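Visitor: As you go down the protein sequences, you meet chains H and S in turn. Here my numbering is used: the first residue of the first sequence is 1, the next is one more, and so on. Here my numbering is used: the first residue of the second sequence is 276, the next is one more, and so on. Beta carbons: idealized from backbone N, C-alpha and C, even for Gly. The structure presented is a predicted model; accordingly, all values stated were derived computationally and were not measured.
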Amino acid sequence: MFHTEEMQRGGTIYRHRLSTRIWHWTNFVALVILLMSGLMIFNAHPRLYWGEYGANPDPAWLQIGNADGEGYLRIGDFRVETTGLLGVWEDENGATRNRAFPGWATIPSNYNLALARRWHITFAWVFAIGILAYAVWSYWNRHIERDLLPMKEQLKPTHIWQDVKKHARLDLPKGEEARHYNVLQKLAYLSVLGGLIPLMVLTGLTMSPAMNASWPWLLDIFGGRQSARSIHFICAMLLVAFILLHLAMVVLAGPLNEIRSMITGRYRLPEETGK
Amino acid sequence: MTEEFFSRRGILKSLGVGAAALLLPGCDRLGQSPTFQEIVLSTGERLSYRMQRLLGINPLAREYEPSEMSPVFRTNGNTMPRSPEYLRHLASSFAEWRLEVDGRVKQPKGFSLAELKAMPARSQITRHDCVEGWSAIGKWTGVPLGALLDAVELEPSARYIVFHCADDFRGTNYYESIDLVDAFHPQTILAYGMNDGELPVGHGAPLRLRVERQLGYKQAKFVMRVEAVESLEAIGRGKGGYWEDNTGYEWYAGI
């Protein structure tokens, strides 16, 4: 939310509304819990398939496993040794464990499918209600239209190319330019909000046998339950990539200012200084 | 710039590790608290149960073509009950075996396998989804549970159907339960046939439950007795199933 001059006080603007800030931090908690409990659920059957069915006798396109004391990740015919990180690792007591993802990355940290499912399904509701409320609210108060959809001139190939070059030089927007999201930022947020997150929710629902009965079209759009499980995992990894990129950009753009803006709403426009 | 970046990254990394170090034991401790589990972490199950019932009582699970079946349908859980009684029945091809249907019913009755097979049968090619994540598609033939319950006439106080099984984990016989919506769902059958043959022992011979809109652990195998009850409190430790009581799986396994 980029309000006009009357909101400006001492070089700061009121950037994020309370609803945006609450949603951001709710999402942060929900996503961390969903990701880590999801990795524990994956540990129960660390193989991914395409199609409707898929179990141990069927070919898996991705597998995290161990053989002869070595952990490995296999994607198709590509196999890489991952001992210490995936497949075989040591827990905090130094004991060797043969699960896919290590205890420090999962909730709970020990193997417990029942508890991981409880965390996952409960926080899936928090996450899904959050994104739904955000979508309705942001459409209604024109947040999407005003702040997230790229302006026409931003979509010109020359402008996008300029923005790519600036990002590559780590030359981030300053002064008035920083008042609005830049085009790469907008495209990144839009693809997460309009692409990855809806895909996460829908593929999650597709794994539910009761939802398959109520909404059989879910199986048709994703090509079966096991395909949905694979897409769920791929989108989760892409979300992790987005979060890492997002954190890197926060650090580059000035972490204190950025974090403060997401807590208090106030954002100081970076000063235009000669480099 | 570069130095600043690295120092910032260093700060961020220590913040991240610190947050994980705080978060993870925190989540572990919260997860172990029965109160937190009961009040917070069962919210998902309760909401999913209500929402999925709201979306419709009787939509059918997808049925597949024979060409879509799993080439190998793996077994899971117990594959050979060890009770002497079961082994006797197995040795005599279940000739003397009876399925007891009792509890809150007007006319408790025992059904022989031949009697069950003489009742109108239903065959369906459906997908079995294990709670662990894998799926297998197979063909099941059996008697609709609703028809059996109609034959013994449920009392109005009956709210749940409990399945008592011949197999055991650590000395406790397996048991599972479903509500009446699932019990009378047209695809809920007690199957005696699989993939056009007899139901193999590994898959629960002579009789197993198929409740197609829920996960694998609800599909009780080696069913010996079907009991109609008013409440699940007196069954096992009160959560409605062996895994529900012993590892904390949700009773409603529609998701």
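Residues bridged to S:L484 by DSSP?
Guide: S:L465
Visitor: In the DSSP output, what is S:C440 paired with across the bridge?
Guide: S:V498
Visitor: Taking 9 angstroms as the CB-CB cut-off, is H:N66 touching chain S?
Guide: So no, H:N66 is outside the interface.
Visitor: My understanding is that H:L196 touches H:F242, with C-beta atoms under 8 angstroms, so please give their C-beta distance in whole angstroms.
Guide: 7 angstroms
Visitor: Determine the closest residue to S:R488 out of S:L299, S:R328 and S:T318, with distance taken between C-alpha atoms.
Guide: S:R328
Visitor: Taking any Cβ of chain H, which residues in the stretch 384-413 of chain S have a Cβ under 8 angstroms from it, in chain order?
Guide: Residues passing the 8 angstroms Cβ filter: R402, D404, C405, V406, E407, G408, W409, S410, A411 and I412.
Visitor: Please name the residue in H:Y267, H:L244 and H:L35 whose C-alpha comes closest to that of H:V109.
Guide: Note that residue 109 of chain H corresponds to Ser in the displayed sequence, not to Val. Closest by alpha carbon: H:L35.
Visitor: Apart from the five residues on each side of it in sequence, which residues of its chain come closer than 7 angstroms, Cβ to Cβ, to S:I464?
Guide: R397, W415, G417, V418, P419, L420 and R485
Visitor: Let's test the definition: count the other Cβ atoms within 10 Å of the Cβ of H:L113 and tell me whether it reaches 16, buried, or not, exposed.
Guide: buried
Visitor: Below 8 angstroms on the Cβ atoms is my contact criterion, and I expect S:R402 with H:Y53 to pass it. Report the Cβ-Cβ distance as a whole number of Å.
Guide: 6 angstroms
Visitor: Among H:V164, H:L149, H:R142 and H:I160, which one has its Cα closest to the Cα of H:S191?
Guide: Here the closest residue by C-alpha is H:L149.
Visitor: With a threshold of 8 angstroms, are at least 3 pairs of Cβ atoms found where one atom belongs to the stretch 215-229 of chain H and the other to the stretch 138-158 of chain H?
Guide: no
Visitor: Determine, for H:D77, whether the minimum Cβ-Cβ distance to residues of chain S falls below 9 angstroms.
Guide: no
Visitor: So which residues of chain H does S:Y450 contact, with C-beta pairs closer than 8 angstroms?
Guide: Contact annotation for S:Y450 against chain H: no contact, minimum CB-CB distance about 17 angstroms [criterion: below 8 angstroms].
Visitor: Closer than 8 angstroms is the cut-off here; do at least three beta carbon pairs connect the stretch 497-515 of chain S with the stretch 443-452 of chain S?
Guide: Segments in contact, yes.
Visitor: Can you name the residues that DSSP bridges to H:P198?
Guide: Per DSSP, none; premise fails for H:P198.
Visitor: State whether the stretch 351-358 of chain S contacts the stretch 366-382 of chain S, with contact taken as three or more CB pairs (one from each stretch) at a distance under 8 angstroms.
Guide: no
Visitor: Kindly give me the distance between the Cβ atoms of H:G71 and H:G87, rounded to whole angstroms, as I take these residues to be in contact under 8 angstroms.
Guide: 2 angstroms
Visitor: What number of angstroms, rounded off, separates the C-alpha of H:A248 from the C-alpha of H:F123?
Guide: 26 angstroms
Visitor: Closest to H:V201 by C-alpha separation, out of H:V251, H:H120 and H:Y267, would be which residue?
Guide: H:H120
Visitor: Find out if the Cβ-Cβ distance for the pair S:V531, S:D377 is shorter than 9 angstroms.
Guide: Outside the displayed range of chain S (276 to 530) lies residue 531 of chain S, so it cannot be described from this structure.
Visitor: Roughly how many angstroms lie between the CA atoms of H:A60 and H:L73, to the nearest whole one?
Guide: 12 angstroms
Visitor: According to DSSP, what are the bridge partners of S:L429?
Guide: S:V380
Visitor: So with Cβ pairs under 9 angstroms, would you call H:R47 a contact of chain S?
Guide: yes
Visitor: Applying a beta-carbon distance threshold of less than 8 angstroms, which residues of chain S neighbour H:V32?
Guide: L298
Visitor: Short of 6 angstroms in beta carbon distance, which residues of its chain neighbour H:G274, apart from the five on each side in sequence? Order them along the chain.
Guide: Low per-residue confidence applies at H:G274: pLDDT is 49, beneath 50, and the placement is therefore not dependable enough to give any value.
Visitor: Three or more C-beta pairs under 8 angstroms: does that hold for the stretch 432-440 of chain S against the stretch 404-414 of chain S?
Guide: no
Visitor: For H:F2, I'd like the list of residues in its chain whose CB is within less than 7 angstroms of its CB, leaving aside the five on either flank, ordered along the chain.
Guide: Caution applies to H:F2, whose pLDDT of 48 falls short of 50 and renders its modelled position unreliable; the value that the coordinates give is listed next. Within the same chain, I13, R15, D147, R179 and H180 come within 7 angstroms of H:F2 by CB-CB distance, once the 5 residues on both sides are set aside.
Visitor: Using DSSP with H/G/I as helix, E/B as strand and the rest coil, what is S:P419?
Guide: strand
Visitor: Across which residues does DSSP place H:W89 in a beta bridge pair?
Guide: H:R97
Visitor: Against chain H, does S:E360 count as a neighbour if the rule is that its beta carbon must be under 9 angstroms from one of theirs?
Guide: no
Visitor: Do S:L335 and S:P461 have their CB atoms nearer than 9 angstroms?
Guide: yes
Visitor: Assign H:M1 to one of three DSSP states: helix, strand, or coil.
Guide: Low per-residue confidence applies at H:M1: pLDDT is 46, beneath 50, and the placement is therefore not dependable enough to give any value.
Visitor: In chain S, which residues lie with their C-beta within 7 angstroms of the C-beta of H:N212?
Guide: A336 and R337
Visitor: Find the residues of chain S that neighbour H:Y53, judging by a C-beta separation of less than 7 angstroms, and give them in chain order.
Guide: S345, R402, S410, A411 and I412
Visitor: For chain H, is any of its Cβ atoms less than 9 angstroms away from the one on S:S342?
Guide: no
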